[in-house]
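Peer 1: Those letters in the sequence shown? Residues 1 to 406, by UniProt numbering. Every residue gets a Cβ at the ideal spot worked out from N, C-alpha and C, and that includes glycine. These figures come from a predicted structure and were not determined experimentally.
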Amino acid sequence: MARHNLGTVVQFEFTRTVKKRRFWIATLAIPILLALVFVLVFASSSSTQSLSEAQKRQTLAFTYTDASAVIDPAIAKALGGTVEPDPGTAVERVQAGKLNAYFSFPASLEKDPVLVYGTDQGIFKNGTYDAVAKQIVVLSAQEKVGSPELVAAVQGSFSTETQTFKNGVVSGGLETVVPPLLFLVLFYVVIILLANQMLASTLEEKENRVTEMILTTLNPTTLVVGKVISLFMVGALQSIVFAAPMLLGYVFFRDQLNMPNFDLSNLSFQFWPMLVGALLLIGGFILFTGVLVGIGAVMPTAKDASTVFGPVMIMMFIPFYIVTMVVSDPGSLIVQIFTFFPFTAPITAMLRNAFGSLNGVSAVIVIAELFIFGFLALRVAIHLFRYGSIEYSRKLSLRTAFAKRS
Numbered sequence: 001m002a003r004h005n006l007g008t009v010v011q012f013e014f015t016r017t018v019k020k021r022r023f024w025i026a027t028l029a030i031p032i033l034l035a036l037v038f039v040l041v042f043a044s045s046s047s048t049q050s051l052s053e054a055q056k057r058q059t060l061a062f063t064y065t066d067a068s069a070v071i072d073p074a075i076a077k078a079l080g081g082t083v084e085p086d087p088g089t090a091v092e093r094v095q096a097g098k099l100n101a102y103f104s105f106p107a108s109l110e111k112d113p114v115l116v117y118g119t120d121q122g123i124f125k126n127g128t129y130d131a132v133a134k135q136i137v138v139l140s141a142q143e144k145v146g147s148p149e150l151v152a153a154v155q156g157s158f159s160t161e162t163q164t165f166k167n168g169v170v171s172g173g174l175e176t177v178v179p180p181l182l183f184l185v186l187f188y189v190v191i192i193l194l195a196n197q198m199l200a201s202t203l204e205e206k207e208n209r210v211t212e213m214i215l216t217t218l219n220p221t222t223l224v225v226g227k228v229i230s231l232f233m234v235g236a237l238q239s240i241v242f243a244a245p246m247l248l249g250y251v252f253f254r255d256q257l258n259m260p261n262f263d264l265s266n267l268s269f270q271f272w273p274m275l276v277g278a279l280l281l282i283g284g285f286i287l288f289t290g291v292l293v294g295i296g297a298v299m300p301t302a303k304d305a306s307t308v309f310g311p312v313m314i315m316m317f318i319p320f321y322i323v324t325m326v327v328s329d330p331g332s333l334i335v336q337i338f339t340f341f342p343f344t345a346p347i348t349a350m351l352r353n354a355f356g357s358l359n360g361v362s363a364v365i366v367i368a369e370l371f372i373f374g375f376l377a378l379r380v381a382i383h384l385f386r387y388g389s390i391e392y393s394r395k396l397s398l399r400t401a402f403a404k405r406s
């Protein structure tokens, strides 16, 4: 019977939420906005690409003088340059608009700057003069060096391959960090999307004054657990809807939207970090859900609950103030406190787990702590809901509620 009631609660809460117009308005608003941004970026990218291709077909007309003897005339000519026959009047002719651009290469490129003069073509296009002048010098220097290896060495145009070891085996780089960090992203998405619904899950019936009728047919434990399960299902649905535009854009329109090309095949999904990340996600979800449901059970209205809701949510973001210490100095006192304090533990522990600084003992302690405090928070929330569900006009007294239990 209890199992049947739990299934009924989950089905009712889930369908009631997803049937609301405002739920789909809020859920689809972000994907629609993302789609509009993608369309605008795509259109802008196409226009920019066409303009870029048109600019490539154009040559920059300029004259130049070379006191350094470095400039290769053939390279300068290929880029649109000719030797200036009258250097004394070149700047005046640029000022008068009779000459497009004039470059003066000094005797010592190391000590003196290249003087570049050009007609104003707008703040962005004016940068073309400087770029062409530098390109002439670089290409001419490469031609004189005559060795691709030396040119690559001087410019730093060479790659390195690094291999590090941990506990006698090869340790990974970012390809091992990214997969566990996905649990951190998912945790934030789920909590942020569902926080208000967690808070309202017990407030809605109180404000509608139907809790007495509900509790005559349902056990408070069944009702609250059913609400929690339905919240998780709603969060999963919203996460899928939100992620769909990003995934579609990355798979089919990555080049048009100028998205970075990540080689997902190099990602390393290691078993233990992924397991620890999943358990931290579930434990943190249970803890924050229990606390927010408990707040909803105590407060008579959503307005009253918002005063406590803010500080609880802020605690989720506090670890990001010390994220550099979490990564670079995980053994520091403040990082250790944040790792084991229940409300900052999920974020801090997920970061440390991804970067490999959360050892097995600490992981077991944090996971056990989150599940214990999470189930304790749910148990307290159920008890508070039992006695606070009929408090319509004032906040439930915790002393009274726990005195009734004894």
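Assign THR119 to one of three DSSP states: helix, strand, or coil.
Peer 2: Here THR119 sits in coil by DSSP.
Peer 1: Which residue's Cα is closest to the Cα of GLY249: LEU28, ALA35 and ASN5?
Peer 2: For the residues LEU28, ALA35 and ASN5, the minimum Cα distance to GLY249 belongs to ALA35.
Peer 1: Looking only at its own chain, which residues have a Cβ that is under 6 Å from the Cβ of LEU115, when we skip the five neighbours before and after it?
Peer 2: Excluding residues within five positions, the ones whose Cβ falls inside 6 Å are SER104.
Peer 1: Return helix, strand or coil for PHE130, following the three-state DSSP convention.
Peer 2: The residue asked about is misnamed: residue 130 is Asp in this sequence, not Phe. Looking at ASP130 - three-state DSSP - the assignment turns out to be helix.
Peer 1: Apart from the five residues just before and just after PHE309, which ones in its own chain have a Cβ nearer than 6 Å to its Cβ?
Peer 2: The residues are LEU199.
Peer 1: Spell out a yes or no on whether the segment 228-239 and the segment 185-193 are touching, meaning 3 or more CB-CB pairs, one atom from each, closer than 8 Å.
Peer 2: Contact holds: three or more Cβ-Cβ distances are below 8 Å.
Peer 1: If we count the other Cβ atoms within 10 Å of its Cβ and call it buried at 16 or more, is ILE286 buried or exposed?
Peer 2: With 16 or more Cβ atoms within 10 Å of its Cβ, ILE286 is classed as buried.
Peer 1: Please return the same chain residues whose Cβ sits closer than 6 Å to the Cβ of PHE373, not counting the five positions on each side in sequence.
Peer 2: Taken in chain order, the residues that qualify are LEU287 and PRO342.
Peer 1: Verify whether the separation of the beta carbon atoms of GLY88 and PHE62 is less than 8 Å.
Peer 2: Cβ distance not < 8 Å, so GLY88 and PHE62 don't count as in contact.
Peer 1: Hey, out of LEU33, ARG21, THR15 and THR8, whose CA is closest to ALA244's CA?
Peer 2: Nearest C-alpha to ALA244: LEU33.
Peer 1: Just grab the DSSP bridge partners of THR65 for me.
Peer 2: THR65 is bridged to SER104.
Peer 1: Is the separation between the beta-carbon of SER68 and that of THR176 shorter than 8 Å?
Peer 2: It is not a contact, given that the beta carbons lie outside the stated cut-off.
Peer 1: Measuring alpha carbon to alpha carbon, tell me which of THR128, VAL326, MET315 and ILE71 ends up nearest ALA354.
Peer 2: When only C-alpha atoms are compared, the closest one is VAL326.
Peer 1: My parser needs the alpha helix (DSSP H) runs of 4 or more residues fully inside the segment 307-368; what are they?
Peer 2: Correct list: 323-328, 333-340 and 345-355.
Peer 1: Is it buried or exposed, SER140, if we count other Cβ atoms within 10 angstroms and call 16 or more buried?
Peer 2: Buried.
Peer 1: Take LYS125 and list the residues in its own chain whose beta-carbon comes closer than 8 Å to its own, dropping the five residues that flank it on each side.
Peer 2: Around LYS125: no qualifying Cβ.
Peer 1: Compute the Euclidean distance between the alpha carbons of PRO220 and PRO330, then round it to the nearest angstrom.
Peer 2: Cα to Cα, PRO220 sits roughly 42 Å from PRO330.
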